[in-house]
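Read the structure below first, then the notes.
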Amino acid sequence: MMRPLRRALILDCDGYETPLFSPDGRHLAVRGNAYGNSVEVFELPSLRRVLATTLGDPSPGYPYSQEWLDQMRGWSRHNIAFGARPGVLWIATPAGALVEVDLETRRAVEHDVLTGSRLSALAATATGELLVAGSGGDLLLLSLLSGSTQNRTANRDTSRDAAAAFLETTAEVPDDGNDLETHLVLTDGTRTWEADDLATTTAASSTDPTWLQLQAAMNAAQAQCE
Numbered sequence: 001m002m003r004p005l006r007r008a009l010i011l012d013c014d015g016y017e018t019p020l021f022s023p024d025g026r027h028l029a030v031r032g033n034a035y036g037n038s039v040e041v042f043e044l045p046s047l048r049r050v051l052a053t054t055l056g057d058p059s060p061g062y063p064y065s066q067e068w069l070d071q072m073r074g075w076s077r078h079n080i081a082f083g084a085r086p087g088v089l090w091i092a093t094p095a096g097a098l099v100e101v102d103l104e105t106r107r108a109v110e111h112d113v114l115t116g117s118r119l120s121a122l123a124a125t126a127t128g129e130l131l132v133a134g135s136g137g138d139l140l141l142l143s144l145l146s147g148s149t150q151n152r153t154a155n156r157d158t159s160r161d162a163a164a165a166f167l168e169t170t171a172e173v174p175d176d177g178n179d180l181e182t183h184l185v186l187t188d189g190t191r192t193w194e195a196d197d198l199a200t201t202t203a204a205s206s207t208d209p210t211w212l213q214l215q216a217a218m219n220a221a222q223a224q225c226e
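Residue numbers (the working numbering): 1 to 226.
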């Protein structure tokens, strides 16, 4: 029977897309939320956040302007992929270009793919090529010249080692752990919180994650009622 592990990654809000693992298992990318075009990448097994960026203008807050809503719709919600080369994230843009992001150096290089067509989807094949869809009905298969059998074998070995290293840093939630939140050790990629810390914190700043501000406010309100 599968049981959750105590180490958990907590994101700031809701509406995110399905997380995406790199072929070598060393990075986890999360695209978008309900309120903006965000991209966050976390390192494994540490869960340290190595990239956090917003595609286009950040959310102006409610009520949203029509201009910002149009811009947000211009970005595909399925526009990130990892190729075979370790440490590189690819991002498809509404301008028809692919952006190659080196996660170690943070250097970004833009590659023109389609002219006059929005890139509406991006995915990687099992052999490391990129599959790109354009809004005009185009479908392109792009070879990155790095999807050799040797690279794929190395990626499998590295992925297996990263998973084993992560498991060594945590434990399963006990069989009687019905109240899951009391057992989790949470991280946002920058800081870590034990369950006892979150149960008692009553102060948070405007720069703290939204979920932490809400938790602190609920704890403070509960303390006043007791």
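We treat Cβ as the ideally placed atom computed from N, Cα and C, and that holds for glycine.
Source: prediction; values computed, not measured.
Let me make sure I understand the geometry here. Which of D57, F42 and T127 has the alpha-carbon closest to that of E104?
Taking the sequence shown and counting its residues from 1, one reaches residue 104 at position 104. The shortest C-alpha separation from E104 is found at F42.
So, is T93 buried or exposed, given that buried needs 16 or more other C-beta atoms within 10 angstroms?
If you number the sequence shown from 1, residue 93 lands on position 93. Within a 10 Å sphere around the beta-carbon of T93 sit 16 or more other beta-carbons, which makes this residue buried.
R26 in three-state terms, based on DSSP
Taking the first residue of the sequence shown as position 1, residue 26 is located at position 26. DSSP places R26 in coil when its eight states are reduced to three.
Assign S206 to buried or exposed, taking buried as 16 or more other Cβ atoms, counted over all protein chains shown, within 10 Å of its Cβ.
In the sequence shown, counting from the first residue as 1, residue 206 sits at position 206. With fewer than 16 other Cβ atoms within 10 Å, it is exposed.
Under a Cβ-count criterion, where at least 16 other Cβ atoms within 10 Å of its own Cβ denotes burial, should S22 be classed as buried or exposed?
As a first step, residue 22 must be located in the sequence shown, where it is residue number 22. S22 is classed as buried because its beta carbon has at least 16 other beta carbons within 10 Å across all chains shown.
Indicate whether A133 and S143 have their beta-carbon atoms separated by less than 8 Å.
By 1-based counting over the sequence shown, the position of residue 133 is 133. By 1-based counting over the sequence shown, the position of residue 143 is 143. Cβ atoms of A133 and S143: not closer than 8 Å.
Take D208 and list the residues in its own chain whose beta-carbon comes closer than 6 Å to its own, dropping the five residues that flank it on each side.
Residue 208 sits at position 208 when you count from the first residue of the sequence shown. Once the five neighbours on either side are set aside, D208 has no close Cβ partner at all.
Are there 16 or more other CB atoms within 10 angstroms of the CB of G147, so buried, or fewer, so exposed?
Along the sequence shown, read from residue 1 onward, the residue named residue 147 stands at position 147. For G147, the predicted structure reports a pLDDT of 49, less than 50, and the residue's modelled location is therefore unreliable. A value from the coordinates is still provided. G147 comes out buried.
Nearest-angstrom Cα separation, counted from R7 out to R48
Within the sequence shown, the letter at position 48 stands for residue 48. Within the sequence shown, the letter at position 7 stands for residue 7. Going from the Cα of R48 to the Cα of R7 covers about 12 Å.
Measure from the alpha carbon of T169 to the alpha carbon of each residue in L131, P45 and L69, then state which is nearest.
Working through the sequence shown from its first residue, we reach residue 169 at position 169. The shortest C-alpha separation from T169 is found at P45.
Do the stretch 197 to 205 and the stretch 27 to 35 make contact, defined as three or more Cβ pairs closer than 8 Å?
no
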